[in-house]
Structures are given as C-alpha cells and as structure tokens.
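Everything below concerns the one structure shown next.
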Amino acid sequence: MTLSDVDEAFVGYIQPGSLLGVRAMKELGLTGLPVTHVENASATGLVAFREAAWAVASGRARVAMAIAFDKMTEMAGGGGRSRGTGRDQLDATILPAAYFALWAQRRMHDRGTKPEHFAAIAAKNWNHGARCPWSDRQTDHVVTVDEVLASRMVSEPLTAMMACPADDGAACVIVAAEDVVRARQPGRRLVRPVASALRSETYSPGHTFLGPVVGPATMTRDTAAAAYEDAGIGPEDVDLALCHDAFANEELEYYELLGFCPEGDGERLVETGATALGGRSRSTPTAASSPAGTPAARPASRSSTRSCTSCGARRATARSRGPHRAGPPRGGRQRVHGEPFRGGGVMTEAPALSSRSSSSPRPGRSRRPGSPSAARW
Amino acid sequence: MARVPVEDGYFTVPDDPAERPRLLGSRCPACGEHFFPRRHVCARCLAEGCEDVLLGPRGRLWTWTYVHVPLFAKKDARIDAYGVGQVDLPEGPRVRPSCWAGPTTSGSGPSWSWTSRPSAPTPTAARS
Chain A
1 MTLSDVDEAF VGYIQPGSLL GVRAMKELGL TGLPVTHVEN ASATGLVAFR
51 EAAWAVASGR ARVAMAIAFD KMTEMAGGGG RSRGTGRDQL DATILPAAYF
101 ALWAQRRMHD RGTKPEHFAA IAAKNWNHGA RCPWSDRQTD HVVTVDEVLA
151 SRMVSEPLTA MMACPADDGA ACVIVAAEDV VRARQPGRRL VRPVASALRS
201 ETYSPGHTFL GPVVGPATMT RDTAAAAYED AGIGPEDVDL ALCHDAFANE
251 ELEYYELLGF CPEGDGERLV ETGATALGGR SRSTPTAASS PAGTPAARPA
301 SRSSTRSCTS CGARRATARS RGPHRAGPPR GGRQRVHGEP FRGGGVMTEA
351 PALSSRSSSS PRPGRSRRPG SPSAARW
Chain B
378 MARVPVEDGY FTVPDDPAER PRLLGSRCPA CGEHFFPRRH VCARCLAEGC
428 EDVLLGPRGR LWTWTYVHVP LFAKKDARID AYGVGQVDLP EGPRVRPSCW
478 AGPTTSGSGP SWSWTSRPSA PTPTAARS
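First to last, the sequence lines map onto chains A and B.
Quick note on numbering: the first sequence equals residues 1 to 377 in the working numbering.
Quick note on numbering: the second sequence equals residues 378 to 505 in the working numbering.
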C-alpha cells in the first residue's frame, strides 16, 4: 500500500499552525487527498484515529490514515510556550506537572494515598518499558520504588521518575475497510475498533475555567461508560488498558474511573501488583497500563504521538490493520486505549491468539441507540 | 509605584497599596451560580446575562503543590520554585493561583486571601 491508496488523512499535532496538516502530508507526496489537522490536547492522536475510523465507517473512505507526531524537545524550556496572551497568560506560567500534582495531593488528602503508591506504579511501568524496544527510556536494572522516590522532586509529591520524558516521536495508523485488508493481507489477524467515545466536561462545582482542567471524575467515568456500552463489554472484559500517564498518579485514578476496581480500591490494586504484567486475576480484569510498552509516564502534552502509540499505533501498523466492522464484539482480547484526561477513548478488539476461529457474536449487552458521544462501529 | 494588572478584567488593583485586590467574577441571575473569570453564559443553566461581582477575598485551600523548578517559560524565570494551589472561594468558584508560600505550608484547609505581587505574572495568594 502506498499513499496513493489512502483516501483521506487526519494529521495530529498539538501545536497550532496554519495548514500544518497539509504541509506535513506534502512531505509524503501530493495526491490531492483530503487532509484534516487535528488538535485536541492529549487526545490529539486518539481523535485523529477516531476520525479516520469514522471516515471508513461512513463509507466515504476505503482507506484512511491517522498520523500524529510530536516535537516535545522544541517545546521544552518554554521557548514556544511563554506566558501566552490574554487570559492564557494568567495560568501559562505554571508547570504542567503541577496540575497533576494538585490532583495527586488531593487524593493523598482524601484517601491517605502515599507517594509510595505513585512510585510503585512508576516502577512497574519503567520495568515494563525495559521489555519493549520502542520505549523511549530503557533501564539496565530493575527500577525500585525507592529509586523512584529518591529521584529529583518536580512538583510535590511527583518526582522526575514518576514523570514522562519530553521527547520526539511519530505514529501512524492505517484504517481500511475489511475487504481491502483481507485482499491485501490474507491470513493476517485483524484489529477492529469496536467503540470510540469522546466527551468534554460537564459543569460541576469546583470546575476551573482558567488553564487546563485535570481530573474531573465525571468526564472520565461518562466517557468510559459510553465506550463500554457501545462496545457491548464491561471493565471485566478488558485484558489490557493503555491510559494517559503523563504522571504516575493518573493511572491510579483511572483504575477506578475506568471501572477496574471500586472507588477507593486503587491503592489495593497497586499494593497487590494486580495491574502489573502477569498480575491479572479474576477479580482484577486489567493488565498493564504502560502505553505500547513505553516506560513510566509520558507527557500529557505530547498528545499526538503518545495518543497514537498508546492506542497501539505502532503495534497496529506492525501487526495488523484495523478495518471497520459492524455488529457486536466477538471473542477475543479487548483493549481500552484511553485519554481520560481529555475525555477520549477507543476500544479495540483483537482475536485471541488461541481462538482465531472463535468469532461468534457475544450475547448480552445491547447497544444504546443514537448515542451522541460514542461512535458505534 | 503604580500597580498594573498583568491582564485587565480579572482582578482589581486598588490605588491604596494596603488594600487587597479582589477577583472579578460573575453571578448567574437565573440560578445564582458564581464563576471566575467573568462570563456571559451560565455554565450551569445556560442562562445569559451573568452579572459582574467581586469575589473573595478569602478562600479555602482545596489542594496544593510546590514546584521545584523555575517558573514555567524560562524567559520569565525570576523565581526558582513556587507553590500552586487551588482555592475554593466562598461564593463557589475554584481558582488556581501561584503562591509564594514555602514548601512547608502543606495541608488543605487554612484560609487564604489575595494579595498582589510586583511583576508577578499571575495573581498571587498569600496566607493571611
């Protein structure tokens, strides 16, 4: 497949820039295809993917491309993000880490969460990342909780090793109609997007109107619920969750907000190691939350790449193409790719390794008719 | 020396240096919800025509952090470390000021009030 096979492209990049999507696509060739530039903060890449899937699902495109990239190294240091203008400058001087630290501090106040919990999540993800060749940060030793806690303090209680790296990267997903994929990749396992939900905030007291909003529980819960309902699955069906993890405390929140454990039980999941690779049990239906094998936390603002990678882009391009499919999910491994920070989520399904033929429709949950927020594939 | 707000329309800067600034907010005439900063449409009930009100000046700390790196955007870095808090105003809005209290002022709950700081890029809070 080449660019000439692509009917439509969605380009994700977090920084504003007039016609940036078109300019980026020109580097790949000029074929006249429609190009849309997507910017949606940390959900940028995920939204590019969602739009590409919609383009195929609608029938207007047979092959759609979602491509996203980051140049975090150019953003670091504030060269491109100074005080901003107008109302933006009132909040723009605050380090992004602080927003997540505010969230972490309040949880510590409410639930008695310890920095050790955040450190345990970070250590888990560092060690997961060491097993993945695509990880931006590789360690040559087993990272411990003590090592994470002893690293440089960034914004209390978050240390440097609980934080994402600021780096560069890119990812691309090709979404195609099933017959296209079958014709070009016979015998290949397919990844099917089964639901996508995207929401913005609903008003609740305590909403902050200046600067980023971090951690409104309702937005994440509602988004997850919409995606679960449209996918016809529940948290107990999920084998792998890839969540936004700019900082380690986010993952702890998402255990609960995505329904992997009751509210207030997140710390227990950490303490029991239930969310580490191999830690899955009948009572904890989630596995690792390290995006595509990347280490520790990665920046919220690197949106596009991390969204794309965390939605399995690299793996998807390497191993499978994800065609549109209608109908209820079938037997196989369920994944949640989420940017709950911005209220975005995609669920995909890959056939179980051992049951490629076990694709009978799952009985059970009915889909909501006419869901306004969730894409029904 | 005259005090000049970094941006007009968000807080008052009284002529008397001893007088504390007040945040400028909005109140919905239909449901009574308060907001900061000022807005026209009520975010809660969607009524139009929110009225200008002065908020605070005291509030209760909801959460806090202390940032151990210079103020974001290095060309503005005049401060090597700083606090950030979220403060619930008695009228309801939650605001997020930078503050120059030390890292040991931890814990949520104490009453905070507003003050201004020369050349400060954000409205600042100080424990009163």
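Backbone N, C-alpha and C fix where the C-beta goes; we use that ideal spot for every residue, glycine too.
Quick caveat: nothing in here was measured; it's all calculated off a predicted structure.
query: Is the closest heavy atom of the ligand MG to the C-beta of A:Pro262 under 6 angstroms?
result: The ligand MG is not among the ligands present in this structure, which contains no ligands whatsoever.
message: Would B:Arg471 pass as an interface residue toward chain A - the criterion being a Cβ-Cβ separation below 7 angstroms?
response: yes
- request: Taking only beta-carbon positions, decide if A:Leu257 is within less than 7 angstroms of chain B.
  value: no
- request: For A:Lys26, count neighbouring C-beta atoms within 10 Å of its own C-beta (all shown protein chains included) and say buried if the count is 16 or more, exposed if not.
  value: exposed
task: State the Cα-Cα distance for the pair A:Arg107 and B:Glu384, rounded to the nearest angstrom.
output: 33 angstroms
- request: At 9 angstroms on the CB atoms, spell out the chain A contacts of B:Thr389, in chain order.
  value: Per Cβ cutoff of 9 angstroms: no residues; B:Thr389 is ~15 angstroms from chain A at best.
message: Using a Cβ-Cβ cutoff of 8 angstroms, what residues of the stretch 428 to 447 of chain B are near chain A? List them in chain order.
response: Trp439, Thr440, Trp441, Thr442, Tyr443, Val444, His445 and Val446
- prompt: Are the C-beta atoms of A:Pro205 and some chain B residue less than 7 angstroms apart?
  reply: yes
message: At the level of alpha carbons, what is the spacing between A:Tyr99 and B:Arg421?
response: 24 angstroms
- prompt: What are the uninterrupted segments assigned as alpha helix (DSSP H) that are 4 or more residues long and contained completely in the stretch 182 to 216 of chain A, given in chain order?
  reply: none
message: Which same chain residues end up closer than 6 angstroms to A:His37 when comparing Cβ atoms and leaving out the 5 residues on each side of it in sequence?
response: Taken in chain order, the residues that qualify are Val11, Leu20 and Gly21.
Selected residue, minimal CA-CA separation from A:Pro34, among A:Ser18, A:Ala61, A:Asp265 and A:Ala97: A:Ala61
query: Among A:Ile67, A:Gly45, A:Val47 and A:Phe49, which residue has its Cα nearest to the Cα of A:Leu28?
result: A:Ile67
- prompt: CB-CB under 7 angstroms to A:Ala300, same chain, minus the five flanking residues each way: which ones, in chain order?
  reply: With a pLDDT of 27 at A:Ala300, under the threshold of 50, the modelled position of that residue is not reliable, and the figure given next carries that caveat. Only Ser42, Pro96, His244, Ala246 and Phe341 meet the Cβ criterion.
Amino acids of chain B, ordered along the chain, whose beta-carbon sits closer than 7 angstroms to that of A:Leu210: Pro414 and Arg473
message: Using only the alpha-carbon positions, how far apart do A:Ala170 and A:Leu198 sit?
response: Between A:Ala170 and A:Leu198, the C-alpha separation is close to 22 angstroms.
- prompt: If the cut is a Cβ gap below 7 angstroms, which residues of chain B does A:Ala98 touch?
  reply: Thr442, Val444 and Val461
- prompt: Is the shortest distance between the beta-carbon of A:Leu252 and the beta-carbons of chain B less than 7 angstroms?
  reply: Taking Cβ atoms only, chain B never reaches closer than 7 angstroms to A:Leu252, which makes this a no.
- prompt: Helix, strand or coil: how does DSSP classify A:Glu253 here?
  reply: Helix, per DSSP.
- prompt: According to DSSP, is A:Leu175 helix, strand or coil?
  reply: Just to set this straight, residue 175 of chain A is Val in the shown sequence, not Leu. Of the three classes helix, strand and coil, the one that applies to A:Val175 here is strand, per DSSP.
query: Is B:Ala407 close to chain A, meaning its C-beta is less than 7 angstroms from at least one C-beta of that chain?
result: Taking a beta-carbon distance threshold of 7 angstroms, B:Ala407 does not count as an interface residue toward chain A.
DSSP beta-bridge partners of A:Val63: A:Ala176
- request: For A:His117, count neighbouring Cβ atoms within 10 angstroms of its own Cβ and tell me buried if that reaches 16, exposed if not.
  value: With 16 or more Cβ atoms within 10 Å of its Cβ, A:His117 is classed as buried.
- prompt: Which residues in chain A sit within 8 angstroms of B:Arg421, going by Cβ to Cβ distance?
  reply: Tyr203
message: Beta carbons nearer than 7 angstroms to chain B: which residues of the stretch 151 to 163 of chain A have them?
response: Met153, Val154, Ser155 and Glu156
query: Since A:Met153 sits in a beta bridge, which residues does DSSP pair it with?
result: A:Thr159
message: DSSP has B:Thr442 in a bridge; who is on the other side?
response: Within the DSSP secondary-structure output, B:Thr442 pairs in a beta bridge with B:Val461.
Span of the alpha helix (DSSP H), counted from its first residue to its last, around B:Gly433: Looking at the DSSP string, B:Gly433 is not in any alpha helix (DSSP H), and its letter there is neither H nor E.
- prompt: How is the beta strand (DSSP E) around A:His37 delimited, first residue to last?
  reply: Counting along the chain, the beta strand (DSSP E) containing A:His37 begins and ends at Val35 to Val38.
field: Secondary structure, alpha helix (DSSP H): runs of 4+ residues fully inside the stretch 114 to 152 of chain A
entry: 115 to 129 and 145 to 150
- prompt: Does DSSP put A:Asp168 in a helix, a strand or coil?
  reply: strand
Beta-carbon spacing of B:Ala407, B:Ala395 below 7 angstroms: no
field: Alpha-carbon spacing of A:Val173 relative to A:Pro186, whole angstroms
entry: Roughly 19 angstroms between the two C-alpha positions.
query: Going along chain A, which residues have a C-beta under 9 angstroms from B:Asp465?
result: Pro205 and Gly206
- prompt: Pick from A:Gln138, A:Asp179, A:Lys71 and A:Lys124: whose alpha carbon is nearest that of A:Val63?
  reply: A:Asp179
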